[in-house]
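In full-length UniProt numbering, the protein residues as written are 1 to 491.
For each residue, glycine too, the CB sits at the ideal point set by N, CA and C.
Every value quoted in this text rests on a predicted model; they were computed, and no experiment measured them.
Take a look at the structure below.
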Ligand code: ADP
Ligand code: LRH
């Protein structure tokens, strides 16, 4: 039996086939496609219909190979959404969370409601692009979309609706809106009232593993395929990635390392207290009643944008080339705080790194190798900072760090992370989100008993590379300089 997982990352989308053979998982990439946002006038959008087209291309590729998946599920990045109107059609084109229409809205809402109230109701970290601020921005701009909207669907909900014709809001992604109340277990009516968005737009919330329809007859006819069951996975990609962490113990720390770096631990209950709010940690809903106590770190996005800038200037590098150049550059020459707001929006990242260094009294890195080294070392050091906060907040001490996602192909980043945290890094699997997506499908169909059996199967099926920490003294000294240069608060 073959299953199909769609994983839409901010850097690319992919469709993977999965098979379970005697407890071993086999995964094969069926289709990979770009996921380039589109700037249209002043607005930055996702190319949602192109993504739907690519989902269909994957179904056609499977058909041409004589493969009929027994089930399908989709996961993607969090927070973004589309609206469906009275006639069942998509209204407008979903905004990209890096669009600037939310500028200043989080601050306004905090002023109106207080951060304590918002955090107590949602348990979600304050990020300026959270759905709540996107919706508030649309309301404040008197968006015609909001006036006409009848249903709110997040990106995977929306694509799933296109595939099946059925509308559901999936739980893990719903929690990332900052409009879901984990204590009450439903959409938070007070927060919705405060932003002036009608409760009626928000539908039934289904858990990862729910069967949420079948491919709709018109689609089957269009592609010449048979109907297939569609499940809800943990449709937030980070939820799926953490489901795929091949941990052996219940207490573990992870870093989901892709466009974003998401670092934290899995907990049984959301941690909603003063310290969590002060440290700006989040409690995102996970699989089978778990929550992810974690913090967003800007991640390899900075490198992706550097690469795009250099490409525009006529210098194309692939990631392995950039890693090689970084390895040859001078160590610990300059540091950035990857989470400085200047790095959030698309743009000329090398120039912003230069500005950051000048602002903080450092000599700016010159040349691609030096820039990449600065980014990767700074990320590794930021990981140490956040890992220590995770330990403090969760009251646990971790013996090492699990890394999953495309970023683990960057062996320098893995090694430097181990060096920075002074603990081993266990890296694997690369396609964490897609594999976590599959795990939920297999648990739903009864082929795997539970998440721990799934994690065991993942551990036995994919190579996990261990990176032992090296260079303790020099990394400890680098951390001290990083902390003072980036002005990061004392723990
Ligand atoms: P997302 O799911 O957010 O799209 P991925 O998990 O696919 O992200 O990770 C993408 C990142 O992985 C890229 O930004 C890049 O830094 C890193 N990466 C991908 N391939 C390689 C490679 N061959 N060598 C080093 N790094 C890589
Ligand atoms: C990672 C991710 C992350 C969110 C961000 C918007 O892909 O889903 O968990 O914070 O995208």
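What are the start and end residues of the alpha helix (DSSP H) that includes residue i?
i           : result
residue 53  : 48-64
residue 438 : 432-444
residue 415 : 411-421
residue 327 : 319-328
residue 173 : 171-175
residue 45  : Looking at the DSSP string, residue 45 is not in any alpha helix (DSSP H); the run it does join, the beta strand (DSSP E), is 43-45.
residue 255 : Premise fails: residue 255 lies in the beta strand (DSSP E), 253-257, not in any alpha helix (DSSP H).
residue 369 : 368-394
residue 191 : 189-195
residue 219 : 217-223
residue 275 : 274-278
residue 95  : Premise fails: residue 95 is in no alpha helix (DSSP H) and is neither H nor E.
residue 484 : 472-486
residue 121 : 115-122
Our contact map puts residue i next to residue j with C-beta atoms below 8 Å; I'd like the distance itself, whole angstroms only.
i           : j           : result
residue 75  : residue 233 : 5 Å
residue 179 : residue 131 : 6 Å
residue 20  : residue 28  : Incorrect: roughly 13 Å between the Cβ atoms, too far for contact.
residue 422 : residue 345 : The Cβ separation is near 34 Å, so there is no contact.
residue 416 : residue 380 : 4 Å
residue 369 : residue 325 : 3 Å
Let me know the secondary structure DSSP gives residue i once reduced to three states.
i           : result
residue 345 : coil
residue 14  : strand
residue 32  : strand
residue 242 : helix
residue 312 : helix
residue 74  : strand
residue 81  : strand
residue 106 : helix
residue 202 : coil
residue 151 : strand
residue 25  : strand
residue 229 : strand
residue 336 : coil
residue 180 : strand
residue 91  : strand
residue 307 : helix
residue 269 : coil
residue 160 : helix
residue 282 : strand
residue 237 : helix
residue 300 : coil
residue 506 : Residue 506 cannot be examined here, being either before or after the span of the chain that is shown, 1 to 491.
residue 352 : helix
residue 185 : coil
residue 248 : coil
Measuring alpha carbon to alpha carbon, tell me which residue in the options is nearest residue i.
i           : options            : result
residue 219 : 269, 164, 172      : 164
residue 44  : 209, 373, 102, 237 : 102
residue 126 : 408, 284, 88, 215  : 284
residue 9   : 304, 111, 376, 321 : 304
residue 411 : 148, 320, 72, 483  : 320
residue 402 : 148, 18, 263       : 263
residue 470 : 455, 414, 439      : 414
residue 230 : 438, 454, 480      : 438
residue 5   : 481, 58, 424, 120  : 58
residue 254 : 424, 213, 360, 152 : 424
residue 128 : 105, 140, 121      : 105
residue 250 : 256, 257, 242      : 242
residue 474 : 200, 332, 113      : 332
residue 287 : 468, 454, 348, 136 : 454
residue 245 : 318, 198, 205, 451 : 451
residue 183 : 119, 154, 227      : 119
residue 113 : 376, 343, 190      : 190
residue 432 : 235, 484, 95       : 235
residue 276 : 269, 266, 293      : 293
residue 356 : 442, 338, 445, 322 : 338
residue 70  : 349, 1, 111        : 1
Residue range of the beta strand (DSSP E) that residue i falls in?
i           : result
residue 466 : 465-467
residue 134 : Unbroken run through residue 134 is the alpha helix (DSSP H), 131-140; no beta strand (DSSP E).
residue 426 : 425-427
residue 404 : 401-404
residue 508 : Absent from the model: residue 508. The displayed extent of the chain is 1 to 491, so no value can be given.
residue 214 : 211-214
residue 458 : Counting along the chain, residue 458 falls outside any beta strand (DSSP E), though it belongs to the alpha helix (DSSP H) covering 451-461.
residue 3   : 2-8
residue 295 : 291-297
For a cutoff of 8 Å on Cβ pairs, would you count residue i as touching chain D?
i           : result
residue 260 : The structure shown has no chain D; it contains just one protein chain.
Under 6 Å from any heavy atom of the ligand ADP, by CB: list those residues in chain order, please. Chain-ordered list of matching residues: 9, 10, 11, 12, 258, 259, 300, 303, 304, 319, 320, 323, 405, 406, 407, 409, 410.
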